[in-house]
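Chemist: I have a structure I would like to understand better, so I am pasting it below and will then ask my questions one at a time.
Number of protein chains: 2
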Amino acid sequence: MTAEVRPASPPLTERQEARRRRILHASARLAGRGGFDAVQMREVAEAAGVALGTLYRYFPSKIHLLVATMQDQLDHLHAALRKRPPAGETASERVAETLMRAFRALQREPHLADAMVRALTFADRSVSPEVETVSRRTTAIILDAMGLEQPTPAQLSAVRVIEHTWHSVLITWVSGRASITQVKTDIETACRLIDLTAP
Amino acid sequence: MTAEVRPASPPLTERQEARRRRILHASARLAGRGGFDAVQMREVAEAAGVALGTLYRYFPSKIHLLVATMQDQLDHLHAALRKRPPAGETASERVAETLMRAFRALQREPHLADAMVRALTFADRSVSPEVETVSRRTTAIILDAMGLEQPTPAQLSAVRVIEHTWHSVLITWVSGRASITQVKTDIETACRLIDLTAP
DNA sequence: CGCTAATCTAGAACAAGTTACAGACTTGAT
DNA sequence: ATCAAGTCTGTAACTTGTTCTAGATTAGCG
Numbered sequence: 001m002t003a004e005v006r007p008a009s010p011p012l013t014e015r016q017e018a019r020r021r022r023i024l025h026a027s028a029r030l031a032g033r034g035g036f037d038a039v040q041m042r043e044v045a046e047a048a049g050v051a052l053g054t055l056y057r058y059f060p061s062k063i064h065l066l067v068a069t070m071q072d073q074l075d076h077l078h079a080a081l082r083k084r085p086p087a088g089e090t091a092s093e094r095v096a097e098t099l100m101r102a103f104r105a106l107q108r109e110p111h112l113a114d115a116m117v118r119a120l121t122f123a124d125r126s127v128s129p130e131v132e133t134v135s136r137r138t139t140a141i142i143l144d145a146m147g148l149e150q151p152t153p154a155q156l157s158a159v160r161v162i163e164h165t166w167h168s169v170l171i172t173w174v175s176g177r178a179s180i181t182q183v184k185t186d187i188e189t190a191c192r193l194i195d196l197t198a199p
Numbered sequence: 001m002t003a004e005v006r007p008a009s010p011p012l013t014e015r016q017e018a019r020r021r022r023i024l025h026a027s028a029r030l031a032g033r034g035g036f037d038a039v040q041m042r043e044v045a046e047a048a049g050v051a052l053g054t055l056y057r058y059f060p061s062k063i064h065l066l067v068a069t070m071q072d073q074l075d076h077l078h079a080a081l082r083k084r085p086p087a088g089e090t091a092s093e094r095v096a097e098t099l100m101r102a103f104r105a106l107q108r109e110p111h112l113a114d115a116m117v118r119a120l121t122f123a124d125r126s127v128s129p130e131v132e133t134v135s136r137r138t139t140a141i142i143l144d145a146m147g148l149e150q151p152t153p154a155q156l157s158a159v160r161v162i163e164h165t166w167h168s169v170l171i172t173w174v175s176g177r178a179s180i181t182q183v184k185t186d187i188e189t190a191c192r193l194i195d196l197t198a199p
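Residue numbers (the UniProt record's numbering), protein chains in the order written: chain A, 1 to 199; chain B, 1 to 199.
Written out as structure tokens, the structure reads:
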């Protein structure tokens with residue numbers, strides 16, 4: 001019920017690392033079909049070839065599991081983005097371009113997006129550290145796109161608002177309440193804040 | 001599993017209206033204690049003096065119930081805001097002031113806020129109409145604060161981003177990942193977008 | 001190798017959201 | 001006032017996330 005103290009996790013053995021991978025893989029695969037609801041802990045455990053208790057030892061809840069899945073996907077995305085950086089003239093264009101590229105990646109797996117986004121926003125305090133990690137990685141991606149050495153406090157505020165918009169627009173998109181054009185407009189609108197802070 | 005077609009709901013008898021009120025009241029009271037988890041359907045039914053099946057006839061899921069609870073609270077808020085409109089000079093100041101007032105109202109009942117915000121963002125497609133209603137009311141509150149007759153498309157975009165920021169910052173606040181000062185800063189930053197669209 | 005602690009497995013058990021159903025009660029129209 | 005249709009009640013069952021337990025396996029160490 002309350003958050004656990006997380007002592008710096010001991011290094012995993014090879015077989016444990018493999019188990020962890022299998023679990024995350026199974027999670028992503030099931031999510032890729034029916035979304036959040038299709039990720040059922042018993043099925044994940046079976047697909048990963050581990051006992052239910054073991055699954056819970058690795059990921060203390062379904063939300064933890066899905067947030068970890070998201071961390072994983074974000075890593076892939078960040079790597080892909082580094083390979084081909086955005087080409088826009090201004091910082092705000094580059095950020096918007098980057099986020100739209102991320103969005104198109106999500107569009108390719110809408111069910112997976114559903115599972116990850118719902119888990120991320122439903123997460124309670126016990127998952128805060130993991131959600132923070134996701135947030136930091138997102139921030140890093142945006143700052144990368146801006147291409148700044150030392151962002152000013154005003155710029156960091158703008159980035160925060162852009163991130164809020166990003167998360168919330170994803171929610172409305174996965175729940176079918178926003179069209180793809182709407183997503184694009186909202187992201188671009190939020191990105192204008194960057195121009196406001198660097199004239 | 002899939003969304004139902006909702007035929008324009010027939011008018012409720014007096015006793016039915018009373019039942020509905022009792023249910024919403026019980027929901028808000030339980031939420032006011034332990035938040036989302038404390039709103040347990042069996043307990044709501046018992047506290048409202050209706051059978052479990054009846055509760056589900058009025059609100060087809062826990063999420064529907066909590067979103068309806070939010071609609072209810074928003075109405076109260078909107079009424080209170082109309083009585084004492086925001087006093088700021090510029091539109092963006094007035095919007096920021098209004099949202100901060102709403103935020104202070106939520107702070108007074110943090111558990112209730114938790115329940116409503118979590119439900120709102122976890123809602124899937126089957127709850128879209130109800131969530132849309134909440135969104136429209138929020139938009140109305142913001143437009144009221146701006147005090148405009150005919151908002152331009154650009155201004156409507158800005159309002160959308162402000163709303164995204166509002167929802168997302170609430171999520172981070174209820175999950176303990178953002179301080180109250182952070183909330184204030186983020187709201188004010190988003191509101192700057194309004195100035196950008198009306199020079 | 002042989003021991004000990006940690007980990008893993010299989011499966012039962014529990015909790016809360018949701019559904020199903022039989023019988024009692026209301027409502028509205030005649 | 002009576003009847004049919006719709007609603008409500010009480011209760012059990014079902015589903016899926018989560019916890020627990022007893023015994024098998026594994027890892028690390030002397």
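Where is the CB? At the ideal position from N, CA and C, for every residue including glycine.
Note that this is a predicted model, so its numbers are computed, not measured.
Along chain B, in chain order, which residues have C-beta atoms closer than 8 Å to that of Phe122 of chain A?
Modeler: For the purposes of this step, residue 122 of chain A is identified with residue 122 of the first sequence, where counting begins at 1. Those are Arg118, Thr121, Phe122, listed as they occur along chain B.
Chemist: In chain B, which residues lie less than 7 Å from Ser128 of chain A when you measure between Cβ atoms?
Modeler: Numbered from its first residue, the first sequence carries residue 128 of chain A at position 128. Chain B residues near Ser128 of chain A: Ser175, Gly176, Arg177.
Chemist: Along the chain, where does the alpha helix (DSSP H) containing Leu81 of chain B start, and where does it finish?
Modeler: In the second sequence, counting from the first residue as 1, residue 81 of chain B sits at position 81. 62–83 is the extent of the alpha helix (DSSP H) around Leu81 of chain B.
Chemist: Do Val50 of chain A and Arg29 of chain A count as a contact pair if the criterion is CB distance below 8 Å?
Modeler: Along the first sequence, one-based indexing puts residue 29 of chain A at 29. Along the first sequence, one-based indexing puts residue 50 of chain A at 50. It is not a contact, given that the beta carbons lie outside the stated cut-off.
Chemist: When the Cα of Gly176 of chain A is compared with those of B:Ala190, B:Ala158, B:Leu106, B:Thr121, which residue comes out closest?
Modeler: On the first sequence, position 176 is the one that residue 176 of chain A refers to. It is B:Thr121.
Chemist: Going by alpha carbons, who is nearest to Leu106 of chain A out of A:Ser92, A:Leu170, A:Met146, A:Asp37?
Modeler: For the purposes of this step, residue 106 of chain A is identified with residue 106 of the first sequence, where counting begins at 1. Closest by alpha carbon: A:Leu170.
Chemist: Could you give the residue range of the alpha helix (DSSP H) that holds Pro153 of chain A?
Modeler: Counting from one through the first sequence, the residue named residue 153 of chain A turns up at place 153. Pro153 of chain A -> alpha helix (DSSP H) spans 153–174.
Chemist: With DSSP as the reference, label residue 279 of chain B as helix, strand or coil.
Modeler: Any property of residue 279 of chain B remains undetermined from this structure, which presents chain B solely from 1 to 199.
Chemist: Give the DSSP-derived three-state secondary structure of Ala178 of chain A in the structure shown.
Modeler: Indexing the first sequence from 1 puts residue 178 of chain A at position 178. It is coil, neither helix nor strand.
Chemist: According to DSSP, simplified to helix, strand and coil, what is Leu148 of chain A?
Modeler: Start at 1 with the first residue of the first sequence, and residue 148 of chain A comes out as number 148. Residue state, collapsed to three classes: coil.
Chemist: Kindly indicate which three-state DSSP category Ala3 of chain B falls into: helix, strand or coil?
Modeler: Residue numbering aside, residue 3 of chain B sits at position 3 when the second sequence is read from its first letter. Because Ala3 of chain B sits at a pLDDT of 41, beneath the cut-off of 50, its placement in the model cannot be relied upon, and the point is left open.
Chemist: Compare the Cα-Cα distances from Arg108 of chain A to each of A:Gly147, A:Gln73, A:Glu14, A:Thr152 and report the closest residue.
Modeler: Taking the first sequence and counting its residues from 1, the one referred to as residue 108 of chain A is at position 108. Comparing Cα-Cα distances from Arg108 of chain A to each of A:Gly147, A:Gln73, A:Glu14, A:Thr152, the minimum goes to A:Gln73.
Chemist: Which same chain residues end up closer than 8 Å to Glu163 of chain B when comparing Cβ atoms and leaving out the 5 residues on each side of it in sequence?
Modeler: By 1-based counting over the second sequence, the position of residue 163 of chain B is 163. If we look at Glu163 of chain B and ignore the five residues flanking it on each side, its Cβ neighbours are Ser135, Thr138, Thr139, Ile142.
Chemist: Would Ile180 of chain A be called buried (16 or more neighbouring beta carbons within 10 Å of its own) or exposed?
Modeler: As a first step, residue 180 of chain A is located in the first sequence; it is residue number 180 there, counting from the start. Result: exposed.
Chemist: Can you name, in chain order, every residue of its own chain whose Cβ lies under 6 Å from the Cβ of Ile194 of chain A, other than the five neighbours on each side?
Modeler: Here residue 194 of chain A refers to the residue found at position 194 when the first sequence is read from its first residue. The answer, listed in chain order, is Ala91, Ser92, Ala158.
Chemist: Short check: CB of Ala123 of chain A to CB of Val67 of chain A, under 8 Å?
Modeler: Residue mapping note: residue 123 of chain A aligns to position 123 of the first sequence, counting from 1. Residue mapping note: residue 67 of chain A aligns to position 67 of the first sequence, counting from 1. Taking 8 Å as the Cβ cut-off, Ala123 of chain A and Val67 of chain A qualify as a contacting pair.
Chemist: For a contact defined as C-beta to C-beta under 7 Å, what are the partners of Arg125 of chain B on chain A?
Modeler: On the second sequence, position 125 is the one that residue 125 of chain B refers to. Going along chain A in sequence order, the residues near Arg125 of chain B (Cβ under 7 Å) are Ser175, Gly176.
Chemist: Should Ala87 of chain A go down as buried or exposed, given a rule of 16 or more other Cβ atoms within 10 Å for buried?
Modeler: Within the first sequence, numbered from 1, the residue matching residue 87 of chain A stands at position 87. Answer is exposed; the Cβ neighbour count stays below 16.
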